[in-house]
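Engineer: The numbering of the sequence shown is our numbering, which starts it at 12 and goes up by one.
No residue lacks a Cβ here, since even glycine has one placed at the ideal position from N, Cα and C.
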Amino acid sequence: MRNNIVIFIVLFLIGLVLNYQNLEPTIESNSGWETLNSSFLKEKKLIVSDGDVEAYKKVVKYLLYTKGRDDASSIFYYAFLMAIQYEYAPANYDAYQALIKPYGEITALDKNTQQLAMFFLHRGANKGNRECMQALHKLTK
């Protein structure tokens, strides 16, 4: 019995080492697929400390647009920070998406969250963000 457990652990570790590169998330970049730190710690620190737009774009592209509904709300903090503190206009639309994407549409949200989502749309539209303008236009039809 003990030999079986040892063999299992050794085989598991060998498999883990051999497949380590497959465990890291990737995103498409100009030069093919680029591997990201699975926790995005470096990128998140750059967003919070410096408002780094490129780091923000990487994190948003992966979490909001690649991973889909399940991870959309995890980007809200960074979108909020970039939109409000660093005045990055496209982050307003990302904050809006982070709020509505888990629920599918804005009408599925409670009244306060709807107001917050609309705040980001109006704010982005006032700053000239085309995506916010288009979303506002669709909602007001």
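Looking at C-alpha atoms only, which residue of A83, L24 and A94 is the closest neighbour of K72?
Structural biologist: Selected option, being the one with the closest Cα: A83.
Engineer: To the nearest angstrom, how far is it from the Cα of G43 to the Cα of K56?
Structural biologist: For G43, the pLDDT reaches just 49, beneath the cut-off of 50, and the residue's location in the model is therefore unreliable, although a value from the coordinates is still provided. Answer to the nearest angstrom: the Cα atoms are 25 angstroms apart.
Engineer: I believe Y104 touches G135 by the beta-carbon criterion, under 8 angstroms. Please report the beta-carbon distance rounded to the nearest angstrom.
Structural biologist: Rounded, the Cβ-Cβ distance is 5 angstroms, consistent with contact.
Engineer: If you compare alpha carbons, which of S85, Q108, K69 and S60 is closest to Q96?
Structural biologist: Comparing Cα positions, the closest option is S60.
Engineer: If you count every other CB in all the chains shown that lies within 10 Å of the CB of I116, and 16 or more means buried, which is it?
Structural biologist: According to the sequence shown, residue 116 is Glu rather than Ile. Exposed, because fewer than 16 other Cβ atoms sit within 10 Å of the Cβ of E116.
Engineer: Between which residues of its own chain and V64 is the CB-CB distance below 7 angstroms, once the five residues before and five after are set aside?
Structural biologist: Cβ within range, chain order: Y99.
Engineer: Measuring CA to CA, which of N137, A102, N123 and F87 is closest to P113?
Structural biologist: It is F87 whose Cα lies nearest to the Cα of P113.
Engineer: For the alpha helix (DSSP H) holding E142, just list the boundary residues, first then last.
Structural biologist: First-last of the alpha helix (DSSP H) with E142: R141 to T151.
Engineer: Could you work out which residue in F23, M129, G139 and T151 is closest to Q108 when comparing CA atoms only?
Structural biologist: Checked all of F23, M129, G139 and T151; the closest Cα to Q108 is M129.
Engineer: Tell me whether V21 is buried or exposed, calling it buried when 16 or more other Cβ atoms sit within 10 Å of its Cβ.
Structural biologist: The residue is exposed, with fewer than 16 neighbouring Cβ atoms inside 10 Å.
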